[in-house]
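This report concerns only the one structure given below.
Next comes the structure, spelled out in structure tokens:
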């Protein structure tokens, strides 16, 4: 309900009160408004109505500060959108000098420009114009034209009123601008969140402890130009890749997603690493943004046999930490992807035998600690040494934590490949028997069956039978000291890399240090058993027995080294 | 018990089957009993399907006992698996081994 209509009765009422109420209403309208143009137009209409003026308009300085644009008007002539050079005319003077300008009679003011009147046919007689000020800056002005009543000229009361209204209007403009800014920020943030979620979905799924490949990717900002990936590609092998896109921000992130997807798709088709990079390189040269390129390493890893093949396109050389703790870098000469078409990428190969193969982006070696010093290769290998005994996931987390001491300047991506000899051990057979030598025949038959199932040749099979038989004899004779009631359990386990025998008894624990091999030159009956076990098995050790009762002897025979499948 | 024959001046004991911890006491007994007759001994291993360290120990004890008595003691017709066990124990050079009883010196 329009307050003004309520309060403009037939000449009665307190003018001051009406004025205040109008002020309140307009201020409220301004306060709640977010759509600036609608608000300004409504406000001008109300102001005109109250001030009983024939026309009115509100001008706001544009972004360049060179023009004043009419953003709302009321009266017979619609000049919304009209732009006048800043500083021109009455409005211009008001804005430039930040003063209220009252021109009682325009015919007497040289600043008045009759140009608009000439075009529109409107006759301006009297103008009242107040500047809109915000945080010390003048952003525009509101003007009312031609007082309707009386002598058609504006007076001091009008001047005051308009000044007050101008303040409210200025505040409204400010709020509307802030609101627009916030909405825009919110939109950008939502888009970045979406991009980050998308990128995270491109990362490989988390793997359990038995995984041969462990990796981490931490973007420095919302989106990352680094990536890593790994997936099964049949026959116990895993394909992997890791890369770094030049530049930062959305462009880099998009190229990252494209490259990572191409490598995954072609990798799943069984393509070898060298050819894979050749194809992806040609594709990126064809279609990627000029000036952007990707460094990458891609390869195939068989964690059971330890065989690793890979190809490198201009990326930081992978680092091998051998079983002995020695480091070796594998440099390559080929260029990054996306620069030169037709490049042939050479494959490199090694057998990972209890070593660890690290792939990483320069965010790692250029990462900083709290003192601001760069990690460098030396610092990196130092951290790896310190954490060598820990499982892969913990080791990687330790490195990342060190670099996170300072805010990330660059994305961090780090991946490690390790063979998993004990992974996937499956129970082939389990025998329970008493400590009676007559049972040994049955044990030997079970060992023969397991050895043959694993593909060992006859001679090796004989050796395995001999060793396990001897181990059982030791339990019967020494652990149980001939007590034929003692219980013995033999478990036979298997994975692509090894055949494992675990022999358990429930006799008092034997001190492994007391079990020594016989000196063969001292020919005496007995004592050969341990010699057979140590010679014929690739590994043997005593394991802790659950519950602390009895002994567990584990004996391991490697498959590939001994000609098995 | 195990079969025993003669071949010239030798007694021949035929060890048979699996000579493992369950049977090696018997094998040991046989060898020592035969040696107490005072004649040189040949141990025929052609019928042995498996031998473990206790079986080997019995042979070693036989050899040592024979030596003490001044008797000759040899193994004949040693199969491949038994040979490899002896080799593993580095006893293949310690025993006198003949392909057959006929090859033993008369």
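Residue numbers (the working numbering), protein chains in the order written: chain A, 1161 to 1725; chain B, 2 to 107.
Virtual Cβ for every residue (Gly too), placed ideally from N, Cα, C.
Task: Heavy atom of the ligand MN within 8 Å of residue 1384 of chain A beta-carbon - done: Absence of the ligand MN is noted for the structure shown, with no ligands found whatsoever.
- [ ] Could you list which residues in chain B have their beta carbon closer than 9 Å to that of residue 1633 of chain A, in chain order?
- [x] Simply 21, 22, 53, 54 and 55.
TODO: Could I get the ranges of all uninterrupted beta strand (DSSP E) runs contained in the region 1539-1589 of chain A, with 3 residues as the minimum, in chain order?
DONE: Qualifying beta strand (DSSP E) stretches, in chain order: 1572-1578.
Task: Beta-carbon spacing of residue 1573 of chain A, residue 1430 of chain A below 9 Å - done: Cβ distance not < 9 Å, so residue 1573 of chain A and residue 1430 of chain A don't count as in contact.
Open item on the list: Classify residue 1225 of chain A: buried if its beta carbon has 16 or more other beta carbons within 10 angstroms, exposed otherwise.
Closed with: With fewer than 16 other Cβ atoms within 10 Å, it is exposed.
TODO: Taking 9 Å as the cut-off, decide whether the C-beta atoms of residue 1596 of chain A and residue 1556 of chain A are in contact.
DONE: Contact: no.
Open item on the list: Does the CB of residue 58 of chain B have a neighbour CB from chain A at under 9 Å?
Closed with: Residue-level contact check: residue 58 of chain B touches chain A, since one or more beta carbons of chain A fall below 9 Å from its beta carbon.
Open item on the list: Measuring only the C-alpha atoms, how far is residue 1415 of chain A from residue 1696 of chain A?
Closed with: Cα to Cα, residue 1415 of chain A sits roughly 55 Å from residue 1696 of chain A.
Task: Any chain A beta carbon closer than 9 Å to residue 90 of chain B - done: Chain A contact via Cβ: present.
- [ ] Please report how far the alpha carbon of residue 1169 of chain A lies from the alpha carbon of residue 1301 of chain A, in whole angstroms.
- [x] Caution is warranted here: a pLDDT of 44 is assigned to residue 1169 of chain A, below 50, making its placement in the model unreliable, and the coordinate value is therefore given only provisionally. Taking the straight line joining both Cα atoms gives about 30 Å.
Open item on the list: Which residues in chain B have a C-beta closer than 7 Å to the C-beta of residue 1469 of chain A? List them in chain order.
Closed with: Chain-order list of chain B residues neighbouring residue 1469 of chain A: empty, with the shortest C-beta distance near 38 Å, by a criterion of under 7 Å.
TODO: Report the neighbours of residue 1598 of chain A on chain B: residues whose CB is nearer than 7 Å to its CB, in chain order.
DONE: Simply 23.
Task: Cβ contact (3+ pairs, closer than 8 Å) linking the region 1548-1568 of chain A and the region 1623-1638 of chain A - done: No, the region 1548-1568 of chain A does not touch the region 1623-1638 of chain A.
Task: Proximal residues, the region 1620-1654 of chain A versus chain B, C-beta separation under 9 Å - done: Listed by position along the chain: 1622, 1623, 1625, 1626, 1629, 1630, 1632, 1633, 1636 and 1637.
Task: Limits of the unbroken beta strand (DSSP E) element including residue 1508 of chain A - done: Secondary structure note for residue 1508 of chain A: its beta strand (DSSP E) is the uninterrupted segment 1507-1511.
Task: Under 7 Å by beta carbon: chain A residues contacting residue 5 of chain B - done: Those do not exist, as residue 5 of chain B stays about 22 Å from chain A at its closest Cβ, beyond 7 Å.
Open item on the list: Is residue 86 of chain B close to chain A? Criterion is C-beta to C-beta, closer than 9 Å.
Closed with: The beta carbon of residue 86 of chain B falls within 9 Å of a beta carbon belonging to chain A, placing the residue at that interface.
Task: Own chain partners of residue 1647 of chain A with C-beta closer than 6 Å, once the 5 adjacent residues on each side are dropped - done: Counting only Cβ-Cβ distances below 6 Å, and skipping sequence neighbours, we find 1666.
Open item on the list: Can you tell me whether residue 1449 of chain A is helix, strand or coil according to DSSP?
Closed with: It is coil, neither helix nor strand.
Open item on the list: Could you check whether the region 1539-1547 of chain A touches the region 1350-1360 of chain A, counting it as contact only if at least three pairs of C-beta atoms, one from each stretch, sit closer than 8 Å?
Closed with: No, the region 1539-1547 of chain A does not touch the region 1350-1360 of chain A.
TODO: Just confirm the distance between the C-beta atoms of residue 1434 of chain A and residue 1506 of chain A, as a whole number of angstroms; I'd bet it's less than 8 Å.
DONE: Between residue 1434 of chain A and residue 1506 of chain A a beta carbon distance of about 6 Å is seen, short of the 8 Å cut, so the two are scored as contacting.
Open item on the list: Please classify residue 1530 of chain A as buried or exposed, where buried requires at least 16 other C-beta atoms within 10 Å of its C-beta.
Closed with: Burial is judged here by how many other beta carbons sit within 10 angstroms of a residue's own beta carbon; residue 1530 of chain A has fewer than 16 and is exposed.
- [ ] Check each candidate in A:1383, A:1260 and A:1475 and name the one with the smallest Cα separation from residue 1293 of chain A.
- [x] Of A:1383, A:1260 and A:1475, the residue nearest in Cα terms is A:1260.
TODO: Tell me whether the beta-carbon of residue 1401 of chain A lies closer than 9 Å to the beta-carbon of residue 1459 of chain A.
DONE: For the 9 Å CB-CB criterion, residue 1401 of chain A and residue 1459 of chain A form a contact.
TODO: Compare the C-beta of residue 82 of chain B against all C-beta atoms of chain A and say whether one is closer than 9 Å.
DONE: Answer yes: the Cβ-Cβ gap between residue 82 of chain B and chain A drops below 9 Å somewhere.
Open item on the list: I'd like to know whether the C-beta of residue 1590 of chain A is nearer than 9 Å to at least one C-beta of chain B.
Closed with: Judged by the 9 Å Cβ criterion, residue 1590 of chain A is not in contact with chain B.
Open item on the list: Excluding the 5 residues flanking residue 56 of chain B on each side, which residues of the same chain have their C-beta closer than 7 Å to its C-beta?
Closed with: Excluding residues within five positions, the ones whose Cβ falls inside 7 Å are 20, 21, 25 and 28.
TODO: Give the DSSP-derived three-state secondary structure of residue 1291 of chain A in the structure shown.
DONE: Look at residue 1291 of chain A here: in three-state DSSP terms it is strand.
- [ ] With a cut-off of 8 Å on the beta carbons, I'd call residue 87 of chain B and residue 74 of chain B a contact; round off their distance for me.
- [x] Contact doesn't hold; Cβ gap of about 14 Å is too wide.
Open item on the list: So that I know if they touch, is there some Cβ in chain B lying closer than 9 Å to that of residue 1683 of chain A?
Closed with: At residue 1683 of chain A the pLDDT is 49, less than 50, meaning the model places this residue with poor confidence; the figure from the coordinates comes in the next sentence. The beta carbon of residue 1683 of chain A sits closer than 9 Å to some beta carbon of chain B.
- [ ] Label residue 1569 of chain A either buried or exposed according to how many other C-beta atoms from any shown protein chain fall within 10 Å of its C-beta, with 16 as the threshold for buried.
- [x] With fewer than 16 Cβ atoms within 10 Å of its Cβ, residue 1569 of chain A is classed as exposed.
TODO: Output the distance between the C-alpha atoms of residue 1717 of chain A and residue 1664 of chain A, rounded to the nearest integer angstrom.
DONE: Residue 1717 of chain A and residue 1664 of chain A have their alpha carbons spaced roughly 18 Å apart.
- [ ] Using the Cα positions of residue 1632 of chain A and residue 1711 of chain A, report the straight-line distance between them to the nearest angstrom.
- [x] When the Cα atoms are used, residue 1632 of chain A and residue 1711 of chain A turn out to be separated by approximately 12 Å.
Open item on the list: Going by beta-carbon coordinates alone, are residue 1480 of chain A and residue 1453 of chain A separated by less than 9 Å?
Closed with: Going by beta carbons, residue 1480 of chain A and residue 1453 of chain A fall outside the 9 Å limit.
Open item on the list: Output needed for residue 1219 of chain A: all residues of its chain with C-beta closer than 6 Å, excluding positions within five of it in sequence on either side, in chain order.
Closed with: Leaving aside the five residues that flank residue 1219 of chain A on each side, the residues in its chain whose CB is nearer than 6 Å to its CB run, in chain order, 1228, 1230, 1251, 1300 and 1301.
- [ ] In angstroms with no decimal places, state the Cα-to-Cα distance between residue 1422 of chain A and residue 1444 of chain A.
- [x] Using only the alpha carbons, I get a separation of about 10 Å.
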